[in-house]
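See below for the structure under consideration.
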């Protein structure tokens, strides 16, 4: 068996005399110039468009970058597409609904065409206790296409709603559960 392994710092000599002043210098340096752990990068991300409420996120234009669905006011949805240059999120799609309040946004591919669609739940503007309605806007790469014209009412008594979407190829069914 060989000699036990000893740490280099445990040896007495010139190097051990340097540690106390070095430790003091690092401590004083940290106290004189505090390091900031967090920075506000909002302007780098959104530029002058930095307002609204983040409602959802997903890859809206299929570019493998996360895009943001932002609500502004009660009835406006903006989709910010990710970009490689500042500002990194730019508003490209704007949807403005009249006489309703948007209560939720659920992006997803509801018709199976590999384009992200937007499902919105809304209620009438002046009726906070009214039933919710469901709107589906078909995605068209970097835009929202035509509205799926049927609206479904969700009341507090509805536990599950089945929506059948018919296309030329097959029937797709979607189940929505209320909580």
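In mature numbering (1 follows the signal peptide of the UniProt record, and there is no 0), the protein residues as written are -37 to -1, 1 to 142.
Every residue, glycine too, gets a C-beta built ideally from N, C-alpha and C.
Reduced DSSP category for residue 89 - H, G, I as helix; E, B as strand; rest coil: Here residue 89 sits in coil by DSSP.
Which residue spans inside the stretch 11 to 94 form an unbroken beta strand (DSSP E) run of at least 3? Uninterrupted beta strand (DSSP E) stretches at least 3 residues long and entirely within the stretch 11 to 94 occur at 16 to 21, 30 to 35, 39 to 45, 52 to 59, 63 to 71, 80 to 87, given in chain order.
Straight-line Cα distance separating residue 76 from residue 86: Rounded to the nearest angstrom, the two C-alpha atoms are 28 Å apart.
Relative to the C-alpha of residue 57, which candidate in 1, 93, 102 has its C-alpha closest? Answer by Cα proximity: 102.
Residue 18 classed as buried or exposed, judged by whether at least 16 other C-beta atoms fall within 10 angstroms: That one is buried.
Find the nearest neighbour of residue 36 within the set 43, 65, 83, judged by alpha-carbon distance. Of the candidates 43, 65, 83, the one whose C-alpha sits nearest the C-alpha of residue 36 is 65.
Can the beta-carbon of residue 55 be found closer than 8 Å to that of residue 44? Yes; because the gap between Cβ atoms is below 8 Å, this pair is in contact.
Can you tell me which of the three DSSP states residue 1 falls into? Reduced to three states, the DSSP call for residue 1 is coil.
Taking buried to mean at least 16 other C-beta atoms within 10 Å of its own C-beta, is residue 24 buried or exposed? So residue 24 ends up on the buried side.
Which term fits residue 112, buried or exposed, when burial requires 16 or more other beta carbons within 10 angstroms of its beta carbon? The predicted position of residue 112 is uncertain, since its pLDDT is 48 and thus under 50; a value taken from the coordinates is nonetheless stated next. The residue is exposed, with fewer than 16 neighbouring Cβ atoms inside 10 Å.
For residue 7, does the count of other Cβ atoms within 10 angstroms reach 16, so buried, or fall short, so exposed? With fewer than 16 Cβ atoms within 10 Å of its Cβ, residue 7 is classed as exposed.
Comparing alpha-carbon positions, which option in 5, 29, 99, 46 lies nearest residue 73? Among 5, 29, 99, 46, the Cα nearest to that of residue 73 is on 99.
Rounding to the nearest angstrom, what Cα-Cα distance links residue 89 and residue 95 in this structure? Our two residues, residue 89 and residue 95, have alpha carbons roughly 13 Å apart in a direct line.
Quick test of your reading: residue 81 and residue 91, contact by CB under 8 Å. State the CB separation rounded to the nearest angstrom. So it is not a contact: roughly 23 Å between Cβ atoms.
Is it right to say residue 4 is buried, meaning 16 or more other beta carbons lie within 10 angstroms of its own, or is it exposed? Exposed.
Taking residue 106 as the reference, which of 93, 84, 79 has the closest Cα? It is 79 whose Cα lies nearest to the Cα of residue 106.
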